[in-house]
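**Student:**
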Amino acid sequence: MAEAKEAYISILEKKLAELTGIEVDQIKKNQFANAADEAVAIREMASYVEGIVVQQAGVAQAGTVSPQIAQMFAHINAELGEERGAHALPPLKYDFNALEPHISGMIMEIHHTKHHQGYINNLIAATKKLVEAEAANDVSAMNALLPAIKFNGGGHLNHTIFWTNMAPDAGGEPQGAVAQAIDESFGSFQSFKDKFSAASVGVKGSGWGWLGYCPNQNKLEIATCQNQDPLQITHGLVPLLGLDVWEHAYYLQYKNLRADYVKAFFNVINWGNVNERYENARKNAGH
Numbered sequence: 001m002a003e004a005k006e007a008y009i010s011i012l013e014k015k016l017a018e019l020t021g022i023e024v025d026q027i028k029k030n031q032f033a034n035a036a037d038e039a040v041a042i043r044e045m046a047s048y049v050e051g052i053v054v055q056q057a058g059v060a061q062a063g064t065v066s067p068q069i070a071q072m073f074a075h076i077n078a079e080l081g082e083e084r085g086a087h088a089l090p091p092l093k094y095d096f097n098a099l100e101p102h103i104s105g106m107i108m109e110i111h112h113t114k115h116h117q118g119y120i121n122n123l124i125a126a127t128k129k130l131v132e133a134e135a136a137n138d139v140s141a142m143n144a145l146l147p148a149i150k151f152n153g154g155g156h157l158n159h160t161i162f163w164t165n166m167a168p169d170a171g172g173e174p175q176g177a178v179a180q181a182i183d184e185s186f187g188s189f190q191s192f193k194d195k196f197s198a199a200s201v202g203v204k205g206s207g208w209g210w211l212g213y214c215p216n217q218n219k220l221e222i223a224t225c226q227n228q229d230p231l232q233i234t235h236g237l238v239p240l241l242g243l244d245v246w247e248h249a250y251y252l253q254y255k256n257l258r259a260d261y262v263k264a265f266f267n268v269i270n271w272g273n274v275n276e277r278y279e280n281a282r283k284n285a286g287h
């Protein structure tokens, strides 16, 4: 397995060098640097959690706990059925290489087993410290944990949705109720595709492009989120379709050509899953 991976990387890098004129060593440096971006962010957040000191009971100051902490865990529970602190890597419903040639198996394996797992590990650590802070009634420590809970909880939630939004032998145009909703909200599927692509390509730095449902207005909207900020907490939209545009999600295959990656994503969209999410969101909103 390891030899096959090395051979795959070698062939891919050679092809990239032929197409771009960039030396193989430079491609390696670039891909490792960009793939490491998220790993660095995960490690930094782990250190941040470890650095939070919970005051002893009776010493800690009272205050108001941010409602976003409970909201984050509620959204995770709604998506995965996980209780707070009991988080695990959800298995993919397809093989790592099943989305090729649009998304490489190498990217999928690293993305799923390393990056997603990293968010889960940090979320569990943050939750343990949250329990400690709650026992001491240290509101300051609880609120200090919010960035870690949002970043890692959002990473867990966003990636879980992302995996289900994709499938082999998928893509094409949507069917069912969500197809009609797209036409009503954006004028046509092509118009939606253009707007969603432009928004996703245009994300500054790292983040996500989303198609979401607005319960209040009963319509679809396109939105973007920075880093791992969850869509519901950030924009009040129910996530239907998410696209990870952190560079680790595409750099090995598409280099810095994010637009090409976004274009390829439309070949693997699981519109059945998107439609199911849309119908459930409307039902939960009473529409």
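Heads up: the sequence shown at position 62 corresponds to 62 in full-length UniProt numbering, and the numbers run straight through without jumps.
From the three backbone atoms N, C-alpha and C, an ideal C-beta is built for every residue, glycine too.
1. Over the uninterrupted alpha helix (DSSP H) stretch that includes LEU130, give me the two end residues.
2. Helix, strand or coil: which one does DSSP assign to ALA167?
3. Determine the burial state of ILE269: buried for a count of at least 16 other Cβ atoms within 10 Å of its Cβ, exposed for fewer.
4. Can you tell me which residues form a DSSP beta bridge with ILE222?
5. Does DSSP put VAL201 in a helix, a strand or coil?
6. Pop quiz: GLY85 and TYR119 are said to be a contact at Cβ under 8 Å. What is the actual Cβ separation, rounded to whole angstroms?
7. Quick one, are the C-beta atoms of TRP163 and PRO230 less than 8 Å apart?
8. Select from TYR261, LYS150, LEU241 the residue whose C-alpha is nearest the C-alpha of ALA281.
9. Which residues share a DSSP beta bridge with ASP244?
10. Measuring straight from C-alpha to C-alpha, what distance separates ALA133 and ALA199?
11. For TRP208 and LYS193, what's the separation of their Cα atoms in angstroms?
12. When the Cα atoms are used, what is the spatial distance from ALA71 to ASN121?
13. State the Cα-Cα distance for the pair THR224 and LEU157, rounded to the nearest angstrom.
14. Straight-line CA distance for TYR261 to ALA125?
15. What residue range does the alpha helix (DSSP H) around LYS283 cover?
16. Can you give me the C-alpha to C-alpha distance between HIS287 and ASN218, rounded to a whole angstrom?
17. What are the boundary residues of the alpha helix (DSSP H) that residue 341 is part of?
18. What residue range is occupied by the uninterrupted alpha helix (DSSP H) comprising ARG258?
19. Quick check on PRO239: does DSSP put it in helix, strand or coil?
20. Whole angstroms are fine: how far does the CA of ASP169 sit from the CA of MET142?
21. Can you tell me whether PRO101 is buried or exposed, with buried defined as 16 or more other CB within 10 angstroms of its CB?
**Tutor:** On the basis of the coordinates in this document:
1. Position 130 of the sequence shown, counted from the start, is the residue given in the question as residue 130. Residues 117-135.
2. Residue 167 sits at position 167 when you count from the first residue of the sequence shown. ALA167 sits in coil when the DSSP states are folded into three classes, being neither helix nor strand.
3. Locating residue 269 in the sequence shown gives position 269, where the first residue counts as 1. Around the C-beta of ILE269, 16 or more other C-beta atoms lie within 10 Å, and the residue is accordingly described as buried.
4. As a first step, residue 222 must be located in the sequence shown, where it is residue number 222. Partner(s): LEU211.
5. For the purposes of this step, residue 201 is taken as the residue at position 201 of the sequence shown. Correct three-state label for VAL201: helix.
6. By 1-based counting over the sequence shown, the position of residue 85 is 85. By 1-based counting over the sequence shown, the position of residue 119 is 119. Rounded, the Cβ-Cβ distance is 14 Å, inconsistent with contact.
7. Against the sequence shown, residue 163 aligns to sequence position 163. Against the sequence shown, residue 230 aligns to sequence position 230. Going by C-beta atoms, TRP163 is not nearer than 8 Å to PRO230.
8. Walking along the sequence shown from the start, residue 281 turns up at place 281. ALA281 has its Cα closest to that of LEU241, out of TYR261, LYS150, LEU241.
9. Translated into positions along the sequence shown, residue 244 becomes position 244. Note: ASP244 sits in a beta bridge opposite TRP208.
10. Locating residue 133 in the sequence shown gives position 133, counting from the first residue. Locating residue 199 in the sequence shown gives position 199, counting from the first residue. Their backbone Cα atoms lie some 39 Å apart in a straight line.
11. By 1-based counting over the sequence shown, the position of residue 208 is 208. By 1-based counting over the sequence shown, the position of residue 193 is 193. Distance between the alpha carbons of TRP208 and LYS193: 15 Å.
12. Numbered from its first residue, the sequence shown carries residue 71 at position 71. Numbered from its first residue, the sequence shown carries residue 121 at position 121. Rather than Ala, the amino acid found at residue 71 in this sequence is Gln. Computed Cα separation, rounded: 19 Å.
13. Start at 1 with the first residue of the sequence shown, and residue 224 comes out as number 224. Start at 1 with the first residue of the sequence shown, and residue 157 comes out as number 157. Roughly 15 Å separates the two Cα atoms.
14. To locate residue 261, count along the sequence shown from 1; it is residue 261. To locate residue 125, count along the sequence shown from 1; it is residue 125. Cα-Cα distance, rounded: 33 Å.
15. By 1-based counting over the sequence shown, the position of residue 283 is 283. Counting along the chain, the alpha helix (DSSP H) containing LYS283 begins and ends at 271-284.
16. Working through the sequence shown from its first residue, we reach residue 287 at position 287. Working through the sequence shown from its first residue, we reach residue 218 at position 218. The straight-line gap from Cα to Cα measures roughly 7 Å.
17. Outside the modelled stretch of the chain, which goes from 1 to 287, sits residue 341, for which no answer is possible.
18. The count along the sequence shown starts at 1 and reaches residue 258 at position 258. Segment 258-265, the alpha helix (DSSP H) holding ARG258.
19. Position 239 of the sequence shown, counting from 1, holds the residue named residue 239. Note: PRO239 maps to strand in three-state DSSP.
20. Translated into positions along the sequence shown, residue 142 becomes position 142. Translated into positions along the sequence shown, residue 169 becomes position 169. Spanning the two alpha carbons is a distance of roughly 45 Å.
21. Taking the first residue of the sequence shown as position 1, residue 101 is located at position 101. The residue is exposed, with fewer than 16 neighbouring Cβ atoms inside 10 Å.
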